[in-house]
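Chains as they are written, first to last, in my numbering: chain A, 1 to 133; chain B, 1 to 132.
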Amino acid sequence: MNEMSNASNMKTPLKRVRGFGASKTGTEHFWQQRATAVANLPLMAVLVWFLIAHFGATRAEVIASLQNPIIALLLIMALASACWHMRLGLQVVIEDYLHSHLAKFAALALNIAIATSFFAIAAYSILKMSFAP
Amino acid sequence: MAEQKQVARPLSPHLQIYKPMLTMMMSITHRITGVALYGGTLLVVWWLAAAAHSDAYFAVVQGFFGHWFGKLILFGFTWALVHHALGGIRHFIWDMGRGFKLPTVEWMVRANVIGSILITVLLWLIAYGVKS
Numbered sequence: 001m002n003e004m005s006n007a008s009n010m011k012t013p014l015k016r017v018r019g020f021g022a023s024k025t026g027t028e029h030f031w032q033q034r035a036t037a038v039a040n041l042p043l044m045a046v047l048v049w050f051l052i053a054h055f056g057a058t059r060a061e062v063i064a065s066l067q068n069p070i071i072a073l074l075l076i077m078a079l080a081s082a083c084w085h086m087r088l089g090l091q092v093v094i095e096d097y098l099h100s101h102l103a104k105f106a107a108l109a110l111n112i113a114i115a116t117s118f119f120a121i122a123a124y125s126i127l128k129m130s131f132a133p
Numbered sequence: 001m002a003e004q005k006q007v008a009r010p011l012s013p014h015l016q017i018y019k020p021m022l023t024m025m026m027s028i029t030h031r032i033t034g035v036a037l038y039g040g041t042l043l044v045v046w047w048l049a050a051a052a053h054s055d056a057y058f059a060v061v062q063g064f065f066g067h068w069f070g071k072l073i074l075f076g077f078t079w080a081l082v083h084h085a086l087g088g089i090r091h092f093i094w095d096m097g098r099g100f101k102l103p104t105v106e107w108m109v110r111a112n113v114i115g116s117i118l119i120t121v122l123l124w125l126i127a128y129g130v131k132s
């Protein structure tokens with residue numbers, strides 16, 4: 001008998017895990033948080049390197065660098081991973097501190113809207129410069 | 001139910017009861033830097049959008065980041081990013097079930113603070129080196 005079982009509960013551990021807990025998403029949030037965290041390490045290094053290399057640069061220099069497809073793709077991936085990671089992270093903060101249903105759901109929805117908007121604007125900007133004539 | 005007599009129950013101690021400890025402050029700092037990086041990401045998005053938009057608008061944004069106040073914000077952003085990244089590595093080591101001995105925990109949080117400051121200063125030295 002493991003600690004999950006007790007005499008008054010006949011459910012097996014498998015039956016419990018299929019319910020996925022209160023959120024019905026199981027370990028998905030935790031796992032995605034860790035996966036994006038690991039991905040962020042090399043991707044943020046690329047982003048910081050790019051920003052340092054263009055510290056005080058002209059617009060023409062920034063556009064010229066982004067014409068390299070590898071740089072453009074790495075930056076888009078960096079923004080994708082970072083935006084998803086921060087969406088997951090702020091969600092935990094919201095769930096910890098906001099308890100009124102309306103405020104919580106509004107904040108959770110706004111969090112997703114802002115994080116995806118950040119990514120959309122960044123990706124569009126990078127591609128626009130990357131494809132610029 | 002509402003008129004039921006309030007019984008003086010013992011309360012479980014909360015944050016203000018405990019003496020601040022480095023590990024606890026680092027946990028709080030990890031969360032604060034994480035939230036601050038939300039704003040940092042906005043700065044990166046703003047800079048990219050400005051570069052995609054026009055020469056005139058990009059000059060405005062570069063002017064803002066060139067000002068001492070803009071640089072101060074960027075320096076804080078760099079530190080928050082490095083601190084949060086090192087904190088993430090620390091949490092990852094714990095997720096692997098390692099580094100739970102108290103001296104190890106203390107060593108890791110100290111390395112986190114010192115490392116974040118050193119790496120931030122180093123990155124800015126490199127940035128100025130690249131610029132000149």
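Quick reminder that beta carbons are idealized off the backbone N, C-alpha and C, glycines included.
A/N111 in three-state terms, based on DSSP:
Locating residue 111 of chain A in the first sequence gives position 111, where the first residue counts as 1. Here A/N111 carries a helix assignment [DSSP, helix/strand/coil].
Members of the stretch 89-101 of chain B near chain A, C-beta cut-off 9 Å
Within the stretch 89-101 of chain B, the qualifying residues are I89, H91, F92 and D95.
Could you pull out every residue in the same chain whose Cβ sits closer than 6 Å to the Cβ of A/V93, ignoring the five residues on either side in sequence?
As a first step, residue 93 of chain A must be located in the first sequence, where it is residue number 93. Closer than 6 Å at the Cβ level, and outside the excluded window around A/V93, lies no residue.
Exposure of B/T120, with buried meaning 16 or more beta-carbon neighbours within 10 Å
For the purposes of this step, residue 120 of chain B is identified with residue 120 of the second sequence, where counting begins at 1. Flag for B/T120 reads buried.
Find out if the Cβ-Cβ distance for the pair A/I126, A/A45 is shorter than 8 Å.
Within the first sequence, numbered from 1, the residue matching residue 126 of chain A stands at position 126. Within the first sequence, numbered from 1, the residue matching residue 45 of chain A stands at position 45. Not in contact: A/I126 and A/A45 (Cβ atoms no closer than 8 Å).
Local conformation of A/S5 per DSSP, three classes:
Taking the first residue of the first sequence as position 1, residue 5 of chain A is located at position 5. Below a pLDDT of 50, predicted positions are generally treated as unreliable, and A/S5, at 49, falls in that range; no measurement from the model is reported.
Best match in B/F100, B/L43, B/H84 and B/V130 for proximity to B/L72 [C-alpha to C-alpha]:
Counted from its first residue, the second sequence places residue 72 of chain B at position 72. It is B/L43.
For the alpha helix (DSSP H) that contains A/S65, what are its first and last residues?
Start at 1 with the first residue of the first sequence, and residue 65 of chain A comes out as number 65. That run of the alpha helix (DSSP H) goes R59 to L66.
Buried or exposed (CB count within 10 angstroms, at least 16 for buried), B/L122
Locating residue 122 of chain B in the second sequence gives position 122, where the first residue counts as 1. Classification of B/L122: exposed, given that the 10 Å Cβ count is below 16.
Every unbroken beta strand (DSSP E) inside the stretch 11-81 of chain B [3 residues or more]
Entirely contained in the stretch 11-81 of chain B, not one beta strand (DSSP E) run reaches 3 residues.
Quick check on B/R98: does DSSP put it in helix, strand or coil?
Along the second sequence, one-based indexing puts residue 98 of chain B at 98. Note: B/R98 maps to coil in three-state DSSP.
Taking 8 Å as the threshold (beta carbon to beta carbon), is A/I52 in contact with chain B?
By one-based count along the first sequence, residue 52 of chain A stands at place 52. Taking Cβ atoms only, chain B reaches closer than 8 Å to A/I52, which makes this a yes.
Excluding sequence positions up to five away, which residues of its chain have a Cβ less than 7 Å from the Cβ of A/R87?
Here residue 87 of chain A is taken as the residue at index 87 of the first sequence, counted from 1. These residues qualify, in order along the chain: N111, I112 and A115.
Run through chain A and tell me which residues come within less than 8 Å of B/K131, C-beta to C-beta.
Numbered from its first residue, the second sequence carries residue 131 of chain B at position 131. What B/K131 touches in chain A, judged by beta-carbon distance under 8 Å, is F55 and G56, going in chain order.
What is the rounded straight-line gap between the Cα of A/V62 and the Cα of A/H54?
By one-based count along the first sequence, residue 62 of chain A stands at place 62. By one-based count along the first sequence, residue 54 of chain A stands at place 54. Rounded to whole angstroms, A/V62 to A/H54 spans 7 Å at the Cα level.
Within 8 Å, strictly: CB atoms of B/L37 and B/H84
Mapped onto the second sequence, residue 37 of chain B falls at position 37. Mapped onto the second sequence, residue 84 of chain B falls at position 84. Against a cut-off of 8 Å, the Cβ pair of B/H84 and B/L37 comes out as a contact.
In chain order, what residues of the same chain have a beta carbon less than 6 Å from the beta carbon of A/L79, not counting five sequence neighbours either side?
The sequence position of residue 79 of chain A within the first sequence is 79, counting from 1. The answer, listed in chain order, is F119 and A122.
Do the CB positions of B/Y18 and B/M24 come within less than 8 Å of each other?
Position 18 of the second sequence, counting from 1, holds the residue named residue 18 of chain B. Position 24 of the second sequence, counting from 1, holds the residue named residue 24 of chain B. Closer than 8 Å, so yes.
At a Cβ threshold of 8 Å, is B/I126 touching chain A?
Walking along the second sequence from the start, residue 126 of chain B turns up at place 126. It does; some Cβ of chain A falls within 8 Å.
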